[in-house]
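Engineer:
There are 2 protein chains.
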Amino acid sequence: MSEINRVWRLRKRPAGDLGDDVLSLDEEPIPQPSDGEFLFRLNYLSLDPTNRVWMRDEASYLPPVELNAPMRGVVCGTILKSLHPDYTEGTVVTGLGIWADYQIGTPDSVRPMGDTGPISVVDAFSTFAVVGPTAYFGLLDIGQPKAGDTVVVSAAAGAVGSIVGQIAKLKGCKVVGLTGSDGKCDWIRNDLGFDAAINYRTADLPETLAAACPNGIDVYFDSVGGEILDVCLGLMNFKGRVPTCGLISQYNATEPVPGPTNYPKILMQRLRVEGFIVLDYAERYPEAIAALGQWMVAGKIKVRTEIVDGLEEALHALKKLFTGDNVGKLILRVKDI
Amino acid sequence: MSEINRVWRLRKRPAGDLGDDVLSLDEEPIPQPSDGEFLFRLNYLSLDPTNRVWMRDEASYLPPVELNAPMRGVVCGTILKSLHPDYTEGTVVTGLGIWADYQIGTPDSVRPMGDTGPISVVDAFSTFAVVGPTAYFGLLDIGQPKAGDTVVVSAAAGAVGSIVGQIAKLKGCKVVGLTGSDGKCDWIRNDLGFDAAINYRTADLPETLAAACPNGIDVYFDSVGGEILDVCLGLMNFKGRVPTCGLISQYNATEPVPGPTNYPKILMQRLRVEGFIVLDYAERYPEAIAALGQWMVAGKIKVRTEIVDGLEEALHALKKLFTGDNVGKLILRVKDI
């Protein structure tokens, strides 16, 4: 164990694209746990679009990260020293933590990872910590797909979208994925079994999507907002559902972004547009993890984890989420378990 | 019975504010019913914002009115001649018809009004045909208000909004109404029992509404869209509901109207925005009519009907809905029953 702790701290509220000056990586002493706490070292850090939301000075589903405070993240780590009777040294824990080599945990912030069976710890963390339950509850609870429905997924080669599409296929839906490169289109169509894939950067989206959805759209799983949302709203069927999981196209905006011009379709087609955050489903995680784990072990759902090594790469890696430069779930590895 | 029928026909798709040339009033022969049909004369015509939607060449919840076809409306009339065994002369019927003195009905288009008890036919038509069930199902089914919730109603002195607010009060909610004149504010606050009323034309809406809703908004009943929607979205509480009943601020627009800049609140606050049309609830009308009728007779819900006389006044009267020049339900009277 090193004597030095490296901690990413928020130094500036981002405006527009993420700059190198929004976070700094500082060397600090290793903290010591008090009674009821434990010290753990970071093994894996989940990098998610929502990290960008937490940097803003704006109420969202969690309070903003304070200026100069450590950056918040979903973490997986190993307990080194415990002053909590139920958390023993060597236990692998996961939950909300910070971007730092060493950090303090409590039962309120993290929980034991448990036995991951035939699934590796990194794949289990990658899939079960955030994106798998997000896809599972967002699609099934909010989207309520029925066999035969047409389901359109944006950011379809992303961590959430790739799982959403595969669950929708398991439920008997026709699934159309929107993504930003031909390579990603190939992956979701050929490896993941999507019925159709559209490169929204090169296609005439309104025309291509309408052609791919001759019966309209019953469920649009929205992770991006913006123009793609607008086109999808225009194709929604009567009583369609729009689970709203993210609006990544808008997170780096510096001015208020107008909403979709097709907003009146909500009225005309009697749509249900509903936002959700996976944290709201914390009590039902075991249900999602059990289902996803079975599908993964049976080969019915494939997950792809893109690993970037080194805590010092965290900010650089995070930027990839906003430029479409990653496929699947982006995980920063500090030290393998 | 006259020999001449007057029929309003759609001559032009409206662009922007309703012009005098979109409809023409023509003199035509009185139609004759075929087997299974009946002829009825128009007594009352309901004038509703949605009439404007039907004039557009755009798929909505009903097909557009064809150019040169008679204008569609919700009607109340009296059967003069019947070739249908179950519909006898003198029966008062209500349903979808046209803007004409005399017209053909079938059991698919209209149904008998039935006994209205202590409520006059015109008040029963005014309240039960469209706006009462709209308010009832939109607020209760989609809005799901709980006692103690803060409910904000736009177009609050309008036919739907004035009933929505009164039902919300009956359910134990705090009710704030938005309307366009001080006189309407007085009416909804003093006569209808709203907790607060804001003249959105003269108030600083974001500031005044925030002050009127210190605990945020749980249900925003949207009939208007536009800027008022945007301000309300910004004040919505966690898991708030936005029943979307109309978007009247946008119906006369000639360019695509941007959606609300606060659209991301749907995600951050996990809102449910859901459109509905009262026709979807046709099978449950008796439930709404029974409840509304009891509340009206008990004096718990007050309805206000603004009557304009003369079929020839229909277009002129319809325009009042878009300028805020009416209070309560606007009804055109052709001939009293």
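First to last, the sequence lines map onto chains A and B. Residues in the first sequence are numbered from 1 upward in steps of one, following the numbering used here. Residues in the second sequence are numbered from 1 upward in steps of one, following the numbering used here. For glycine and all other residues, C-beta sits at the position ideal for the given N, C-alpha and C.
1) Is B/A210 helix, strand or coil by DSSP?
2) List the residues of chain A that B/L247 touches, going by C-beta distances under 7 angstroms, in chain order.
3) What are the boundary residues of the alpha helix (DSSP H) that includes B/W295?
4) So for B/Y87, helix, strand or coil by DSSP?
5) Along the chain, which unbroken stretches of the beta strand (DSSP E) at least 3 residues long are found entirely within the stretch 102 to 189 of chain A?
6) Measure how close the beta-carbons of A/G132 and A/G97 come, nearest whole angstrom, since I'm counting them as under 8 angstroms.
7) Would you mind giving the Cβ-Cβ distance between A/V164 and A/V153, rounded to the nearest angstrom? I have them listed as a contact below 8 angstroms.
8) Have a look at A/A157 and A/L140 and give me their C-alpha separation to the nearest angstrom.
9) Short check: CB of A/G105 to CB of A/F38, under 9 angstroms?
10) Quick one: what's got a C-beta closer than 6 angstroms to B/Y61's C-beta in the same chain, skipping five residues either side?
11) Would a C-beta distance cut-off of 9 angstroms place B/P31 and B/Y102 closer than the cut-off?
12) Going along chain A in order, which residues have a C-beta closer than 8 angstroms to the C-beta of B/Q250?
13) Is any non-hydrogen atom of the ligand MN found closer than 8 angstroms to the C-beta of B/E207, if you look at the structure I gave you?
14) Determine the direct distance from the alpha carbon of A/H316 to that of A/G77, and round the result to whole angstroms.
15) Can the beta-carbon of B/V7 be found closer than 9 angstroms to that of B/R13?
16) Between A/A59, A/P145, A/A203 and A/G299, which lies nearest to A/P118 when the distance is taken from Cα to Cα?
17) At the level of alpha carbons, what is the spacing between B/G148 and B/A168?
18) Between A/A159 and A/W99, what straight-line distance do the alpha-carbon atoms span, to the nearest angstrom?
19) Residues of chain A with CB closer than 7 angstroms to the CB of B/R272, please, in chain order.
20) Under 8 angstroms by Cβ, that's how I've got B/V231 and B/L209 pegged, so tell me the actual separation to the nearest angstrom.
21) For B/I277, return the contacting residues in chain A, with the cut-off set at a CB-CB distance below 7 angstroms.
22) For the 8 angstroms Cβ check, are there 3 or more pairs between the stretch 254 to 262 of chain B and the stretch 228 to 242 of chain B?
23) Thinking just about the alpha-carbon of each residue, which of B/P49, B/V53, B/V122 and B/G36 is nearest to the one in B/K81?
24) Helix or strand or just coil, what does DSSP make of B/V303?
25) Would you say B/A210 lies against chain A (beta-carbon separation less than 9 angstroms)?
26) Please report the distance separating the alpha-carbon of A/L330 from that of A/S126.
27) Which of the residues in the stretch 22 to 33 of chain A, read from start to end, lie with their CB under 8 angstroms from any CB of chain B?
28) Taking C-beta pairs closer than 8 angstroms, name the residues in chain B that A/D280 reaches, listed in chain order.
29) Please work out which residues of its chain come closer than 7 angstroms, Cβ to Cβ, to B/N237, disregarding the five sequence neighbours upstream and downstream, and give them in chain order.
30) Can you list the residues of chain A that B/G259 reaches, using a CB-CB cut of under 7 angstroms?
31) What residues are listed by DSSP as bridge partners for A/A96?
32) If I measure Cβ to Cβ from A/K184 and keep anything under 7 angstroms in the same chain, skipping five residues before and after, which residues do I get?
33) Should A/S46 be labelled buried (16 or more other beta-carbon atoms within 10 Å of its own) or exposed?
34) Tell me which residues of the stretch 55 to 78 of chain B have at least one Cβ-Cβ distance to chain A shorter than 9 angstroms, keeping chain order.
35) Using 10 angstroms around the beta-carbon of B/V130, count the other beta-carbons present and answer buried if the total reaches 16, otherwise exposed.
Structural biologist: On the basis of the data shown:
1) helix
2) P264 and L267
3) Looking at the DSSP string, the run of the alpha helix (DSSP H) that includes B/W295 is Y285 to V297.
4) Correct three-state label for B/Y87: coil.
5) Counting only runs of 3 or more, we get 102 to 105, 110 to 112, 150 to 153 and 174 to 179.
6) Contact flag wrong, Cβ pair sits at about 19 angstroms.
7) 5 angstroms
8) One Cα belongs to A/A157, the other to A/L140, and the distance between them is close to 19 angstroms.
9) yes
10) I277
11) With contacts defined by Cβ atoms closer than 9 angstroms, B/P31 and B/Y102 form a contacting pair.
12) P264
13) With respect to small molecules bound, the structure shown includes none, and the ligand MN cannot be examined in it.
14) Rounded to the nearest angstrom, the two C-alpha atoms are 21 angstroms apart.
15) no
16) Checked all of A/A59, A/P145, A/A203 and A/G299; the closest Cα to A/P118 is A/G299.
17) Looking at the two C-alpha atoms, the distance is approximately 10 angstroms.
18) Taking the straight line joining both Cα atoms gives about 20 angstroms.
19) R272 and E274
20) 6 angstroms
21) R270
22) Touching, yes.
23) B/G36
24) coil
25) no
26) 8 angstroms
27) none
28) R270
29) G216, I217, D218 and Q269
30) P258, G259, P260, T261 and Y263
31) It should be pointed out that residue 96 of chain A corresponds to Leu in this sequence rather than to Ala. Partner(s): A/V74.
32) A157 and V327
33) buried
34) The stretch 55 to 78 of chain B vs chain A, Cβ under 9 angstroms: E58, A59, S60 and Y61.
35) buried
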